[in-house]
Structure formats: structure tokens, C-alpha cells
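S.K.: I'd like to ask you about the structure that follows.
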Amino acid sequence: MTHSHDTQGTHRAPGTDDVRDTPVDVLLSSYDVADDGRIALHVLGPTRGVPAAVWTHDPERLRRLLRDHTGPAQWQPRRNLLRLGCDTAGATLVGVATEAGRAAPRR
Numbered sequence: 001m002t003h004s005h006d007t008q009g010t011h012r013a014p015g016t017d018d019v020r021d022t023p024v025d026v027l028l029s030s031y032d033v034a035d036d037g038r039i040a041l042h043v044l045g046p047t048r049g050v051p052a053a054v055w056t057h058d059p060e061r062l063r064r065l066l067r068d069h070t071g072p073a074q075w076q077p078r079r080n081l082l083r084l085g086c087d088t089a090g091a092t093l094v095g096v097a098t099e100a101g102r103a104a105p106r107r
């Protein structure tokens, strides 16, 4: 049997659900964004394959956006995005990384 690799380097059998393709609804507030950029995710629904936290290089910007945001957000793992807003025209996208993909701090 052949296996393919996902972006985390783990094996999965062909035909299995790739949870990295599935957007996940999360609740976020400006209080969930730490000074170091770590973002605690509060998942609405199943948590299989969802990291406990993601990271942003600009925590102040994300806090500012979240202060004006109401309702759930969406973690889009395949694109490494947080999506704030439900409709396409009014959605704000914020690039994030998982802790495994986080770059070392600049010195």
C-alpha cells in the first residue's frame, strides 16, 4: 500500500480525510493573542487535527482587528490563515503559522 506525506511529515493512507483541508470555526478575542504572537484557539466542534495554538508575527495588529470583530472566526489550516468575518466581501484574512512552522525570533 502506498502512503502520501502531508505537510507535517506524517503518513496517511490514500482516501482518508485530510483534516488539514477542512476549515475550523474558532472563537477568538484580543485576549487570546499573547505578546509573543501565540494565539490560543478555542475550537467550536471537533478538535481532531487542530493545533491548540497558532502564531502571528504581528500580535498588535491581530489584537486591533479582534477588538472590532464580532462572531466566530475560521482557522484555515491548508492556507495558514485566520479568517475574520463570514461573508467573502467583508472577510479579513490574517496569515498565521503553527508552532511547528514558527520561525525563530530575529536577533
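All residue numbers for the sequence shown refer to this note's numbering, where the first residue is 1 and numbers rise by one. No residue lacks a Cβ here, since even glycine has one placed at the ideal position from N, Cα and C.
(1) Tell me Arg-83's beta-bridge partners as DSSP assigns them.
(2) I'd like the ranges of any alpha helix (DSSP H) spanning at least 4 consecutive residues and lying wholly in the stretch 45-75.
(3) If you drop the 5 nearest sequence neighbours on each side, which residues of the same chain put their C-beta closer than 6 Å to that of Ser-4?
(4) Note down the Cα distance separating Gln-74 from Ala-91, rounded to an integer number of angstroms.
(5) If I follow the unbroken beta strand (DSSP E) through Val-24, where does it start and stop?
M.R.: The structure says:
(1) Gln-74 and Leu-93
(2) 59-68
(3) Reliability of the predicted coordinates at Ser-4 is poor, the pLDDT of 39 falling under 50, and the value obtained from them is presented with this limitation in mind. For Ser-4, where only same-chain residues beyond five positions count, there are no Cβ hits under 6 Å.
(4) 10 Å
(5) 24-27
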